[in-house]
Every structure is written in C-alpha cells, then in structure tokens.
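A short write-up of the structure that comes next.
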Amino acid sequence: MDIIAQYGNIMVIMACVFGFFMAWGVGANDVANAMGTSVGSRALTLKQAILIAILFEFAGAYLAGGAVTATIRKGIIEPSLLAGNPELLVFGMMAALLAAGIWLLVATHFGWPVSTTHSIVGAIVGFAAVGISMEAVHWAKVGTIVASWVVSPVTAGIIAFFLFRSVQKLILDTENPFANAKRYVPYYIFLVGFIIAMVTFTKGLKHIGLHLSWFQSAGVSVIIGLITMAIGIFMQRKIKVDPSADREFHFTSVEKVFGVLMLFTACAMAFAHGSNDVANAVGPLAAIVGVVSAGGEVAQKTAMPAWILLLGGAGIVAGLVMYGHKVIATVGQNITELTPSRGFAATLAAASTVVVASGTGLPISTTHTLVGAVLGVGLARGLAALNLKVVGTIFVSWIVTLPAGAILAIMFFFMLKGMFT
Amino acid sequence: MVNSPILQMFARSPFKPMQEHIVKAQASAAELIPFFEAVIAHDWDAATACQHRIAELENEADDMKRDIRQRLPASLFLPVPRTDLLDLLRMQDKIANRAKDIAGLMLGRQMTVPESIQPELLNLLNTALMAIEQAVLALNELDELLNAGFRGHEVDIVERLITELDQLEHKADEHERQLRSSLFAVERELYPIDVMFLYQIIQWVGDLANRAQQVGNRLQLLLAR
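Line by line, the protein sequences give chains A and B.
Under the working numbering, the first residue of the first sequence is numbered 601, with each subsequent residue one higher.
Under the working numbering, the first residue of the second sequence is numbered 6, with each subsequent residue one higher.
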C-alpha cells in the first residue's frame, strides 16, 4: 500500500514509457503483416499504405481496442489474491511490458517471426504464476485464449477459401470477367464496410459513450456499408478495359477493379490490427494505472481512461512511421505473384476474424490469422506457390515465445520487486 | 527484414519459368529449318553454325530446367501436384533434346537427302514445328489457368487447344508414313547405311511432334483434378 502511495507517480510514468515502447514495437513489427498483402499485390503504393495504416490503425486502436485491452488488463489475473499486495500487480505488469518489448527487439534482430500477442500473454501468465502464485491466473480464461490462437487461423482460412471461391464463381470463371467484376465488386465493398462497422458498433464504443442496441448497430452498419459501396462505385467508374494490357495477361483489367476493393480491405485490416494489438501494449499499462489511481485497490471495476488507448494508438503509429516504411518496401519487392483478387480474399478474411476476436475480447495473433487466410486461398488453388515451411516456423515460434516471455517477465518482476522494496 | 511470416510464405511461382522454358525449347527446334535448308544445299559451314545455335539453345533450356527443379522443394504448396509439374517440364525438355540429336546426326554424317523426298521431309518438319507451337500456345494459358484456379471456363479453352494439338500430331504421323514409303520407293538406289540413318532422322522428326503432343497430355493431367 505504502509503496503505491510513495512511488505511484513514478510507476505510472514508467508504465507509460514502457507501454509506448511496446506499442512502438507492435507498430514496427506487425505493420508488414497487416499491410503486406495490400502492397504486395500492388493494389496500394507504399505511401498510400502508410497513410491508411496511420489513420486506421489509430482508429481501430481507439474505437475498437477496448475489449481486448480489458482482457489483458484484468481477464488473465485473479485480483483477490493480490488484495493485500497491490504493488505486485504493478511490478508484474511493468515486468511483462519490459519482457515482451525486449523479446520483440531480440527477435527482430535475429530475424525470427514472433507474435506480439503471444509475447505479452506469456509474460503476464509467467509473472503471475511464478511470481505470485499458480492460483493467481485465470487458467480457464488462458485456456480460452490459447484455443483462440488455434481457432483464428483456421477460421480465417475457411472464410478466405469461400470468399475466393465466390470470386471465382461470380467473376473470374465467367465469360466476361470484367463486366462481372464491375457488377459484383461493389457488393464486396459493402461487405467490408458492413462487417467492420457492425463488429465495432456492437462491441466496442462504450468508452466514448455510444450505447447502441443490436438493431441500431445493424442499421448504422448497413448505412456505412452503403456509403463505402457508393465511394467504391465512384472510384471504379474510371476503370476501362485496356486491350493492350489484357493481351499479355487476360485478367489485367479485372484486377484493376479488384484494386479498388483492395483499398477498402486494407483499411479494414489496419483497423482490425490496431483494435487487437493495441491491447498488447496498453493492457498492462491500464492495469497499472487502474491500481495506482484507485489508491492501491485491485478492483475489477475501475473504468479505463480513454487516454490510454490514445497513447497506444500513437505508439503504434510512431513505430509504423519510423520503421514500417522500410519493412513495407521489402514486402513489395518479395511478393510478386499476389494479385488483388487473392489479396482481397485473404485480407478480408483475416480482418473479419480479427475484428470479431477484438469484439469478443480475445487477444489473437494477427500474423497467424493472416497466414491462415493465405493458406485458405492457396487451398482454393488461387496461389502459385506457398512455402509451407513458414507454418513450421510459426509452431516453433509458439513453443519458444511463450516460455521466453514468461522467463523474462519473471526475471524483471523479481528485479523490480527488489528495487522498490 | 525477413522475419515476417507473410513475406516468407510467398515463394516464387514455377509457372512463368516453365513457360519461358518451352519457348526456349521451341526456339531450339525452330532452328532446324535453316539447318535443313543448309544441309539440302550442302552448305556445311552454314549447317555447322545452325547446329551450334541449336546446341546452345538446348543448353540454355537445360539450365532453366535445372533452375526450376531447384525451386520446387517438397515443402512448396502448389495448386497442382508437384510430380505432374516435373513430368511436364521433362517432356518439354525432351523436345529440345531431340532437336539437338537431329542436328548432330545430320551434321556428323554430312547427310545427303535424296531429292525426291526433300519437299516431304521439309513438310514433316513444318508440321512438327506447328505442333510445338500449339503446345507453346497451350502452355501460355498457364497463368490464366492459375488465375482461374484451374477450373471452369479457362479449362475448356485449354482443352480445345490440346485437341488441336492432337490433330496436328496425327497429321505429322500421316506425313511420316508417306515419307517412309517415298523413301522405300527409292532406297535401293542409295547407299544402305545412309538409308538407315535417313529412316532414323524421319523417326526423330516425327518424335518432335510426338513429344509436343505429350506435353499437351501432361498439361491435361494437370487440369484433371
């Protein structure tokens, strides 16, 4: 108790710094995965991708990041065991932030693919289970979270498979793909706007004071969907069949129409990524602020101040701008065979899955979800060649990241405990 | 920065390199026309130059084939079976191999083609080259096939091309039969060993068309899923 009273302000400041550092890491690390398919399919230029990422990652973080942040902040740890020693929660969350942030740096340096979500969850479970006690962890919730890490890539894969098959049946396989593209793509654009709006409104906006019933949310979402559809129709009006380009590859003009669709999907993916991954940085921060501001009470009910999500969003944007442009440039060079029609199917499937997870408060790995979606398109025979070794490296990164994050967090936890007591 | 799984997932597609490979094989076979004309005119310098070009093109095709094989590890996930793709590649390469064999043999023996069968031989060669061209056309549809997911409308287009390829091969067979009977009519007036090798050349030129047809067959296997 006294420790909190004594050091409360320092703790909050330190937590903000660590939280911002972690958010920066999330932005720098994950943006390639979120925007990769858009730049790689050449539907967006580098500049457009960065602009979209800045806008929509921030929007996703602020508007839809609340539920996942709540889970990271108080869903994993059982507060009753900490009632006597609230400072342990503060030390633990700071340790978790430090551990995850440093693990991200190390992994980036060595070129390992690492999930920011797995790092922070592993770190939190680590310090709670070892530093406090095994009962301090809501193992049921942790079980749900781990299950979601398996379910989300599979779900994204299934959605991507059917999305792409629908594109094939309605547009690519037909006698006149270009005309059908112009006819059906607006409906896909509507779908993008509708899904994102729907999940956000039904689940996410209580912290800015917007309470909508299910029907109201559905209604607003339909309207937003229609608006995006109108914008899309306007944008694709200018696209004409280019016979010289089509001679080389029959579908060139069709893919241009999909390019418009891909623009909207990229926005959706950035939004989804921001909504799910901001929590990795600011969830622990929110826990610390909650404890300190309640004067040492580890109550579950303390509301989360909106500035925390703002800080997280800003951190992601900072990381994205400072580091991401380098990464996205490489992405554009490497992926040569991805066309907008494929990119769209994979990205929308991933974005929908992530946004639904964000709405239900489940922290999932956006990277792994996107990998699952890409595999889904591959299974629909939509992609020329996929390197399945990547799936293997993902399993390895699972096995390594969780204990690594946990061990580092435990280390830092005991260090901080020693420093402050 | 290679630690993004998304970056690492997308491997280089083998389809474009395979299209380039068969174009190289076709170029190698097409050189046979100036070669035959040089042989008929007994212009051995020109014939040697042609044979060198054919051998060079065939070598380049071999390099491309090796490169494609290296890029097809078992961990690669393809929309078509890997073995079918490798079979197709092997059949494409055999076209270039046969062209090199023909040129090598005719140059080595400084072959004299009897006047009575010269036009028919050139006719057979042209038909064989048309068959190869048809195979190249069918293979050029590979990236469209990929875009269509190896289904539907595009498959019908390719099947039509393959049917035409079969017909061209039948025509070549016909020409080959006629050519052999023409040679049979005059063989007693010729040196026996030369005649044997002439029959060999006729068979080999017919082989060019056969191999082109087999390329079509392998392509059909890719579609039949």
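Just so you know, even glycine gets a beta-carbon here, dropped at the ideal spot from N, CA and C.
Handout entry: 8 angstroms CB neighbourhood of residue 775(A) in its chain, flanking five on each side removed
Key = Around residue 775(A): no qualifying Cβ.
Problem - Own chain residues within Cβ distance below 7 angstroms of residue 993(A), not counting five before or after - result: Correct list, in chain order: 713.
Problem - Cβ-based burial, residue 757(A) [other Cβ within 10 Å; buried from 16] - result: Residue 757(A) comes out buried.
Problem - Inter-stretch contact at 8 angstroms, needing at least 3 Cβ pairs: the stretch 619-632 of chain A / the stretch 917-926 of chain A - result: Yes, they touch.
Exercise for the section: Tell me whether residue 812(A) sits in a helix, a strand or coil according to DSSP, three-state version. Expected result: Of the three classes helix, strand and coil, the one that applies to residue 812(A) here is coil, per DSSP.
Handout entry: residue 1015(A) classed as buried or exposed, judged by whether at least 16 other C-beta atoms fall within 10 angstroms
Key = Using a 10 angstroms sphere on the CB of residue 1015(A), the tally of other CB atoms stays under 16, which defines it as exposed.
Practice task
Can you have a look at residue 196(B) and say buried or exposed, based on whether 16 or more other CB atoms are within 10 angstroms of its CB?
Solution key: Label assigned to residue 196(B): exposed.
Practice task
Please list the partners that residue 692(A) has in chain B, where partner means a Cβ-to-Cβ separation under 7 angstroms.
Solution key: Neighbours of residue 692(A) on chain B: none; closest Cβ ~28 angstroms, over 7 angstroms.
Problem - Cross-strand partners of residue 986(A) (DSSP beta bridge) - result: 15(B), 82(B).
Problem - Sequence-distant residues of its chain with Cβ nearer than 8 angstroms to residue 16(B) (five each side left out) - result: Here the set comprises 76, 81.
Problem - One or two residues paired with residue 677(A) in a DSSP bridge - result: In the DSSP output, where bridge partners are listed per residue, residue 677(A) has 737(A).
Handout entry: Reduced DSSP secondary structure (H/G/I, E/B, other) of residue 1066(A)
Key = Coverage of chain A is limited to positions 601 through 1021, which leaves residue 1066(A) absent and any answer about it impossible.
Handout entry: Continuous alpha helix (DSSP H) stretch holding residue 619(A): start and end
Key = Run containing residue 619(A): 602-640, per the alpha helix (DSSP H) assignment.
Practice task
Give the single residue among 148(B), 202(B), 226(B) whose Cα lies nearest to the Cα of residue 25(B).
Solution key: The alpha carbon of residue 25(B) has as its nearest neighbour, out of 148(B), 202(B), 226(B), the alpha carbon of 148(B).
Problem - As assigned by DSSP and simplified to three states, the class of residue 118(B) - result: Coil at residue 118(B), not helix or strand.
Handout entry: Proximal residues of chain A, C-beta to C-beta of residue 186(B) below 8 angstroms
Key = Think of a sphere of 8 angstroms around the beta carbon of residue 186(B): no beta carbon from chain A falls inside it, the nearest being about 44 angstroms out.
Practice task
Go ahead and pull the three-state DSSP assignment for residue 204(B).
Solution key: DSSP, read as helix, strand or coil, puts residue 204(B) in helix.
Handout entry: Near-chain B residues of the stretch 632-645 of chain A (beta-carbon distance less than 8 angstroms), N- to C-terminal order
Key = Only 632, 633, 636, 637, 640 from the stretch 632-645 of chain A bring a Cβ to less than 8 angstroms from some Cβ of chain B.
Exercise for the section: Under 7 angstroms between beta-carbons, which chain A residues line up against residue 156(B)? List them in chain order, please. Expected result: Listed along chain A are 768, 773, each with a C-beta nearer than 7 angstroms to that of residue 156(B).
Exercise for the section: Kindly indicate which residue of 843(A), 836(A), 833(A), 794(A) has the alpha-carbon position closest to the one of residue 1035(A). Expected result: As shown, chain A starts at 601 and ends at 1021. That puts residue 1035(A) outside it, with no answer to give.
Problem - Buried or exposed by the 16-neighbour rule on C-beta atoms within 10 Å, applied to residue 738(A) - result: Residue 738(A) counts as buried, since no fewer than 16 other beta carbons sit within 10 angstroms of its beta carbon.
Practice task
Check whether the stretch 867-878 of chain A touches the stretch 966-975 of chain A, taking contact to mean three or more Cβ pairs, one atom from each stretch, closer than 8 angstroms.
Solution key: By the Cβ rule, the stretch 867-878 of chain A counts as touching the stretch 966-975 of chain A, because three or more pairs are nearer than 8 angstroms.
Exercise for the section: In the DSSP assignment, find the unbroken alpha helix (DSSP H) run with residue 947(A) in it and report its ends. Expected result: For residue 947(A), the enclosing alpha helix (DSSP H) starts and ends at 940-959.
Exercise for the section: Tell me, please, whether the CB atom of residue 97(B) is closer than 7 angstroms to any CB atom in chain A? Expected result: Taking Cβ atoms only, chain A never reaches closer than 7 angstroms to residue 97(B), which makes this a no.
Problem - Cβ pair residue 1005(A), residue 658(A) closer than 7 angstroms - result: In terms of Cβ geometry, residue 1005(A) and residue 658(A) do not form a close pair [threshold 7 angstroms].
Handout entry: Rounded distance between the beta-carbons of residue 745(A) and residue 963(A), thought under 8 angstroms
Key = Yes, they are in contact, since the Cβ atoms of residue 963(A) and residue 745(A) sit about 6 angstroms apart, within 8 angstroms.
Exercise for the section: Check residue 978(A) in the structure and name its three-state DSSP category. Expected result: It is helical.
Handout entry: Helix, strand or coil at residue 180(B) [DSSP, three-state]
Key = Reduced to three states, the DSSP call for residue 180(B) is helix.
Problem - chain B contacts made by the stretch 970-991 of chain A, where a contact means CB separation under 9 angstroms - result: Listed in sequence order: 970, 971, 974, 975, 978, 979, 980, 981, 982, 983, 984, 985, 986, 987, 988, 989, 990, 991.
Handout entry: Contact with chain A by residue 13(B), beta-carbon distance below 7 angstroms
Key = It does: the Cβ of residue 13(B) has a partner Cβ on chain A nearer than 7 angstroms.
Problem - alpha helix (DSSP H) segment containing residue 727(A), residue limits - result: Per DSSP, residue 727(A) lies in no alpha helix (DSSP H) segment and is marked neither H nor E.
Exercise for the section: Name, going along the chain, the residues of the stretch 129-161 of chain B whose beta-carbon falls closer than 8 angstroms to a beta-carbon of chain A. Expected result: Those residues of the stretch 129-161 of chain B placed with their C-beta closer than 8 angstroms to a C-beta in chain A are 148, 149, 151, 152, 153, 154, 155, 156, 157, 158, 159, ordered along the chain.
Problem - DSSP-derived helix/strand/coil call for residue 221(B) - result: Annotated three-state conformation of residue 221(B) is helix, per DSSP.
Problem - Three-state secondary structure (DSSP) of residue 47(B) - result: Note: residue 47(B) maps to coil in three-state DSSP.
Exercise for the section: Report the option in 201(B), 226(B), 179(B), 136(B) whose CA atom is closest to the CA atom of residue 241(B). Expected result: Nothing about residue 241(B) can be read from this structure; chain B reaches only from 6 to 230.
Problem - CB contact flag (residue 853(A), residue 778(A), <7 angstroms) - result: Yes.
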